[in-house]
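Heads up: the sequence shown begins at 1 in full-length UniProt numbering, then just goes up one per residue. Even glycine gets a Cβ: it sits at the ideal position worked out from N, Cα and C. The model shown is predicted, which means the values in this text are computed figures rather than measured ones.
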Amino acid sequence: MIRYLKSEVTEVVGEAGSQVVLPCMCEAAQCDPAAITWNKESKGTVWRKQSSGLQYWGSNWFNRENSRVQCPHSKFGKGDYSLEINGLTKDDAGLYTCKVEIKGHSTDKRIMLRIIEASVFPSTPMWGDNVSLRCSVTPWREDAVVYWTLNRQSFTPKAGRAVEVKASDKMAGTWTCSVHTSSNEWRASVELSVAGESLTAEGTTMLSCQLSDPSEVTSYEWVHVSYDINGTESVGPVQYGQTVPVKEDFGEWTCRYFGTNGLLGNVTTQVHLMAGLSGEKSSGVSSNTGTVIGLSFLLVILLLILAQMYKNHRRRRRILQYPALETIVHTISNEREEREKDRVKK
């Protein structure tokens, strides 16, 4: 008959993407050999080891390339069967049970794993964009209170799971949410980088590559990427400097930043057409003015042509009237002559 001894729930918090260790210590005088089974509530077996030494992984936790969970062999002799989980995700959160079986005795260790994560959306905003910062703990604790800091300075208003800000160089940096409970404090951080643009009076767009920690950066370069109607990508031109002006080439720009050992990273942004529209506005006005002048000139020429055609028409009508008048006079003269001849005959 196996006797089960249950313990209180131990709370462990890990940041998303990091590694966490779920503790499971054998408290018996002789722990080896022992049969160990790790289970997750509603997910089944995570990992287990028989007293013979054979180990098994659950199908949801193991792949041939890399296993995200393990129990280090080197610690078995000390009765340490703690479970290591790498690359934490929200799905890993929940209640875990470690069952230790030694010579008919079984002890359960229960661990509640909570995942804390700080996130920012959009990931690379433009200057002036609305930015949402979120702090989540899965599963959430009802007594938790969240406070925010920016670059280790308190942010006001600092309470709340969500923070809304306007993207600018002042808002760039490391945002940390601190979750306070009655007995613990947990923290998670996220980087906010602003790839900004601002319009000058001349309509030029200024691109600025703002990084939270530029201490290792030695140089910057901006690369313009464009696409033709077939979707073919072309790269160029390249501008150098943290802040560069753009007058004509809108669309996708990538800021590459370099250190002493080469490329450190890049940030891609879409440049809006606001500057282009403002630049085209004045040229459009001048173009419209030229069009109006040209049409007016053509209209004057057309009126002159019509006037000349009318004059020619009137002149033709006058010329045609004279032959008609001459015919009438000639006819009257003939009639008179004939009358006189008739009188002479009589």
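Item, Value
"Could you give the uninterrupted runs of the beta strand (DSSP E) lying entirely in the region 114-179, keeping only those of 3 residues or more?", "130-138, 145-150, 153-159 and 162-166"
"Can you list, in chain order, the residues of its chain with a C-beta nearer than 8 Å to that of ALA144? Leave out the 5 residues immediately preceding and following it.", "VAL137, VAL179, HIS180 and THR181"
"Taking the continuous beta strand (DSSP E) assigned at ARG68, which residues delimit it?", "No beta strand (DSSP E) holds ARG68; DSSP gives it neither H nor E."
"Looking only at its own chain, which residues have a Cβ that is under 7 Å from the Cβ of LEU263, when we skip the five neighbours before and after it?", "ARG256"
"So, helix, strand or coil for GLN270, using DSSP?", "strand"
"According to DSSP, simplified to helix, strand and coil, what is ILE36?", "strand"
"Using 9 Å as the threshold, is the C-beta distance between ALA195 and THR124 below it?", "yes"
"Which residues share a DSSP beta bridge with VAL243?", "Reading off the sequence shown, one finds Thr at residue 243, where the question assumed Val. Bridge partners of THR243: SER208."
"What residue range is occupied by the uninterrupted beta strand (DSSP E) comprising ALA188?", "185-192"
"What would DSSP say about THR10, mapped onto helix, strand or coil?", "strand"
"Could you give the distance in angstroms between the alpha-carbon of ARG134 and the alpha-carbon of VAL120?", "6 Å"
"What residues match up with VAL235 in a beta bridge as DSSP calls it?", "VAL225"
"Quick one: what does DSSP say VAL292 is sitting in, helix, strand or coil?", "helix"
"On the CB-based measure, 16 or more other CB atoms within 10 Å of its CB, does ARG339 come out buried or exposed?", "exposed"
"What are the partner residues of ALA195, as DSSP defines its beta bridges?", "CYS209"
"How long is the line joining the alpha carbons of GLY58 and GLY241, rounded to whole angstroms?", "52 Å"
"Give me the residue from ILE102, GLY294 and GLU84 with the minimum Cα distance to VAL21.", "GLU84"
"Report the option in SER208, GLU185 and ARG161 whose CA atom is closest to the CA atom of ALA167.", "SER208"
"Could you check where the beta strand (DSSP E) with GLY251 kicks off and where it finishes?", "251-259"
"Taking the alpha-carbon of PHE76 as reference, which of LEU295, SER132, GLU185 and ALA28 has the nearest alpha-carbon?", "ALA28"
"Taking the C-alpha atoms as reference points, what is the distance between GLY276 and SER226?", "Unreliable placement is indicated for GLY276, whose pLDDT of 40 sits below 50; no coordinate value is reported for it."
"Please check the pair ALA35 and GLU117, which I expect to be a contact at CB under 8 Å, by giving their CB distance rounded to whole angstroms.", "Between GLU117 and ALA35 the Cβ distance is about 35 Å, and since that is not below 8 Å, they are no contact."
"DSSP three-state call for LEU303: helix, strand or coil?", "helix"
"Please return the same chain residues whose Cβ sits closer than 7 Å to the Cβ of TYR81, not counting the five positions on each side in sequence.", "CYS24, CYS26, ILE36, CYS71, CYS98 and VAL100"
"For GLY79 and ASP32, what's the separation of their Cα atoms in angstroms?", "7 Å"
"Between the alpha carbons of ASN312 and ILE305, how many angstroms are there, rounded?", "11 Å"
"Just to confirm, are ASN86 and ARG114 a CB contact at a threshold of 9 Å?", "no"
"Report the partner residues of MET112 according to the DSSP bridge assignment.", "GLU11 and LEU95"
"Taking all protein chains shown into account, decide if residue 432 is buried (16 or more other Cβ within 10 angstroms of its Cβ) or exposed.", "The requested residue 432 is not part of the displayed model; the chain covers only 1 to 346."
"In the DSSP assignment, what are the bridge partners of TRP61?", "DSSP, once it has assigned bridges, lists no residue as partnering TRP61."
"What are the boundary residues of the beta strand (DSSP E) that includes GLY44?", "44-49"
"How should SER193 be labelled, buried or exposed, when 16 other C-beta atoms within 10 angstroms of its C-beta is the threshold for buried?", "buried"
"Under DSSP, the beta strand (DSSP E) around LEU83 begins and ends at which residues?", "83-85"
"Leaving out the 5 sequence neighbours to the left and right, which residues in its chain are closer than 6 Å to VAL244 when beta-carbon positions are compared?", "LEU207 and TRP222"
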